[in-house]
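Residue numbers (my numbering), protein chains in the order written: chain B, 1 to 208; chain F, 1 to 208.
Positions of the beta carbon are idealized from the N, C-alpha and C atoms, including for glycine.
Number of protein chains: 2
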Amino acid sequence: MARRPPTKPRKFASQERSRATVDALVEATARILVKEGFDKASTNRIAEVAGVSVGSLYQYFPSKEALVAVVIERHQQEIMQTVRGELAEVLVQPVEKAIRKLVAIALRAHRVDPKLHRVLAEQIPRVGELEKLETFNRDNYTIFRTYLESHRDELRVGDLELASFVCVTSIEALTHNAVLHHSKMISDERLEALIDEATRLVTGYLKG
Amino acid sequence: MARRPPTKPRKFASQERSRATVDALVEATARILVKEGFDKASTNRIAEVAGVSVGSLYQYFPSKEALVAVVIERHQQEIMQTVRGELAEVLVQPVEKAIRKLVAIALRAHRVDPKLHRVLAEQIPRVGELEKLETFNRDNYTIFRTYLESHRDELRVGDLELASFVCVTSIEALTHNAVLHHSKMISDERLEALIDEATRLVTGYLKG
DNA sequence: ACAGAATATGAGCGATCATTCGCTTTCGAT
DNA sequence: ATCGAAAGCGAATGATCGCTCATATTCTGT
Chain B
1 MARRPPTKPR KFASQERSRA TVDALVEATA RILVKEGFDK ASTNRIAEVA GVSVGSLYQY
61 FPSKEALVAV VIERHQQEIM QTVRGELAEV LVQPVEKAIR KLVAIALRAH RVDPKLHRVL
121 AEQIPRVGEL EKLETFNRDN YTIFRTYLES HRDELRVGDL ELASFVCVTS IEALTHNAVL
181 HHSKMISDER LEALIDEATR LVTGYLKG
Chain F
1 MARRPPTKPR KFASQERSRA TVDALVEATA RILVKEGFDK ASTNRIAEVA GVSVGSLYQY
61 FPSKEALVAV VIERHQQEIM QTVRGELAEV LVQPVEKAIR KLVAIALRAH RVDPKLHRVL
121 AEQIPRVGEL EKLETFNRDN YTIFRTYLES HRDELRVGDL ELASFVCVTS IEALTHNAVL
181 HHSKMISDER LEALIDEATR LVTGYLKG
């Protein structure tokens, strides 16, 4: 197993000990990002918080960027796990139900480790490897556009592309801001109110 | 004039030459932010692009943060100059007209040096002096809330606070994304279409 | 023409950062 | 018990950064 030259290989973990190291590094990175922000997340500090040495970090991650990218991926996967099942249901429901469920899903997505979500959204530079954040958003857009196409006859929209843009942007911004900038709004009661309002906003727009 | 000890004073520019230096520094900072991003904007590089020495930079700005803060202020003032007159008109107009004008204003605001706006919105760390960005947004929110209060009877809204949040967030996100992430949409024709859609979205929501 | 204030200079300081590499320790297979 | 591979270590490197200061140049009032 692992036939690569041992001097270079920045490679995968085969023993359990090393898997624990990788895990500790990813977790430490996330914790530092949340508690101290992106620019305090130096590789030396990450290794220190993870309880390993910098050298070990570079055994498994070719760069700091790669490590942050893994943190992003893990966060997106956690969101997807919370959401994938519900997302399938949406596609076969009528507009009003679908939008309401979509808003609820978006809200729940933003409540998975909100502080990490905020740092990723606001502080991570979108260069090189770290553009995955943009890609993730484009996926949502495509899914929504597909839904609108298959329910075209129930809607009063001229330009599907434009309508998708309006809806996705609004829902994303509302849920993002509600969770990350107005966390007082998080009482379950007010949260239901927000779902009502966002649903009314979007369905009203789609059904004329 | 200027009685401070000459060893410390990090002070104002009284001669024309120094005013030009300050201007060159601010402009160079903006240009670097746009063309190379926030983390390439080192003080040495800023001074180099401005055609002055680092020392001169620190004669007029106590820190890099202060310099960036001035760039932010200047950008916000440029936006306000483009917008202030129109904003006054909005307050005395009926809902539909008002919203349409507000959307158009927001759009125009985002088209004042859009690339700089994007960098300021997405790359500048919101710490210390640089929180002005948040304050600016809170102002918009307050203005809108005031408008809704004075037109309460024309509206079908329960919670004014919540409605303001929904409207401001949506308009801001739509105009921001349209200008900064979908610049293909900028053809004047599609731009009018976006104003139509955003207006329909928000007025539909407010008037039930 | 001269003095002192204002302005400009840029080498360099100390801190911090991402990354490397020679070395040691632990593991798994025999 | 042994040995090679895997995992771990951390001082050291070189780059870059924000910022200072001793010095030089230019301006302004007289």
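For the segment 126-156 of chain B, the set of positions with a beta-carbon nearer than 7 Å to some beta-carbon of chain F is empty. About 11 Å separates the beta carbons of residue 148 of chain F and residue 162 of chain F, which is beyond the 8 Å limit, so they are not a contact pair.
Proximity of residue 45 of chain B to chain F, defined by a Cβ-Cβ separation below 9 Å, is not satisfied. Pairing residue 120 of chain B with residue 121 of chain F, the inter-Cα distance amounts to about 14 Å. DSSP, read as helix, strand or coil, puts residue 125 of chain B in coil.
Here residue 204 of chain B carries a helix assignment [DSSP, helix/strand/coil]. Interface criterion not met: the Cβ of residue 187 of chain F is under 9 Å from no Cβ in chain B. With fewer than 16 other beta carbons inside 10 angstroms of its own, residue 92 of chain F counts as exposed.
Counting only residues of its own chain and dropping the five nearest sequence neighbours on each side, residue 44 of chain B has a CB closer than 8 Å to the CB of 54.
Pairing residue 169 of chain B with residue 103 of chain B gives a Cβ-Cβ distance that is not under 9 Å. For residue 26 of chain F, the uninterrupted alpha helix (DSSP H) run begins and ends at 16-36, by DSSP.
Those residues of the segment 14-28 of chain B placed with their C-beta closer than 8 Å to a C-beta in chain F do not exist. For the 9 Å CB-CB criterion, residue 202 of chain B and residue 99 of chain B form a contact. Setting aside the 5 residues that flank it on each side, residue 72 of chain F is surrounded in the same chain by 120, 124, 130, 132, 133, each with a C-beta closer than 8 Å to its C-beta; the list follows chain order.
Chain-order list of chain F residues neighbouring residue 169 of chain B: 173, 174, 177, by C-beta distance under 7 Å. The beta carbon of residue 111 of chain F sits no closer than 9 Å to any beta carbon of chain B.
Residues of chain B whose Cβ lies closer than 7 Å to the Cβ of residue 200 of chain F are, in chain order, 205. Assignment of residue 136 of chain F by DSSP, reduced to helix, strand and coil, places it in the helix class.
Counting every other CB atom within 10 Å of its CB across the protein chains shown gives residue 150 of chain B a total below 16, marking it as exposed. Against chain B, the CB of residue 165 of chain F has a partner CB under 9 Å away; the residue lies at that interface. For residue 160 of chain F, the uninterrupted alpha helix (DSSP H) segment begins and ends at 160-181. In the DSSP assignment, residue 97 of chain F falls within the alpha helix (DSSP H) that extends over 95-110.
Closer than 9 Å at the C-beta level to chain F, one finds no residue of the segment 67-79 of chain B. In this structure, residue 58 of chain B sits away from residue 21 of chain B, with a CB-CB distance that is not shorter than 9 Å. Leaving aside the five residues that flank residue 56 of chain F on each side, the residues in its chain whose CB is nearer than 6 Å to its CB run, in chain order, 21. Excluding sequence positions up to five before and after residue 78 of chain B, its CB lies within less than 6 Å of the CB of 112, all in the same chain and listed in chain order. With a threshold of 16 other beta carbon atoms within 10 Å, residue 164 of chain B meets it and is buried.
Using a Cβ-Cβ cut-off of 8 Å, residue 123 of chain B is close to 125 of chain F, given in chain order. What residue 91 of chain B touches in chain F, judged by beta-carbon distance under 9 Å, is nothing: the nearest beta carbon there is about 23 Å away. For residue 41 of chain B, the three-state secondary structure derived from DSSP is coil.
Considering only F:17, F:62, F:95, F:75, the residue with the shortest C-alpha distance to residue 27 of chain F is F:75. Its chain contains 79, 82, 83, 175 as the residues whose beta carbon lies nearer than 8 Å to that of residue 109 of chain F, once the 5 sequence neighbours on both sides are disregarded; these appear in chain order.
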